Amino acid sequence: MNKAMFERDILYPTDKPHEPGCIHVSVYPPEQMGGIPLIIEPKTSHNPLDYISDILVILQADIFDRIRIDIKSCGIIYFKVENTNYRLKFSDKVNYTVEEVPHLICG
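Each residue of the sequence shown is one higher than the one before, counting from 9 in the working numbering.
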C-alpha cells in the first residue's frame with residue numbers, strides 16, 4: 009500500500025447554508041501511467057457524491073491549480089463512502105460517471 013504524499017481536510021457548501029460538508033482528501037504518488045490517485049472520504053454526515061461538482065472546483069482551486077495539474081484529466085478520483093468505494097471517470101471536461109469498485113487501487 010502506498011503512503012499518501014499529501015492530505016488535507018476541505019470544507020464545501022451543501023444545501024444547508026449553515027451546515028458545510030467536510031471531506032478528507034488523500035493524494036497519492038502518480039501511477040506509472042501518469043495519473044494522480046486521490047481518495048476522498050466524508051468527515052460529516054453529508055454524502056460527498058451529492059456534491060461532486062462543488063468539491064472538484066474547490067480541490068482544483070485550493071490544491072491543483074498551484075501545481076498546474078488539471079484534476080479532471082490527470083486525477084484518478086476515488087470516493088470512500090461508508091463501506092463502499094466509488095471511482096469517478098470523466099468522459100470530457102464536464103461529463104462524468106460514478107461507478108462502484110471493489111477496492112481502492114492506491115490506499
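Glycine residues also receive a C-beta, built at the ideal position from the N, C-alpha and C atoms.
Keep in mind it's a predicted model, so treat the numbers as computed, not measured.
- Counting only runs of 3+ residues, the beta strand (DSSP E) found wholly inside the segment 71 to 100 occupies 83 to 89 and 92 to 98, in chain order.
- Judged by their CB atoms, I84 and I44 are nearer to each other than the 9 Å cut-off.
- A direct Cα-to-Cα measurement between L112 and K24 gives close to 31 Å.
- Between L19 and the set K11, Q40, V65 and A12, the nearest pair of CA atoms involves V65.
- Straight-line measurement puts the Cα of T22 at about 13 Å from the Cα of K51.
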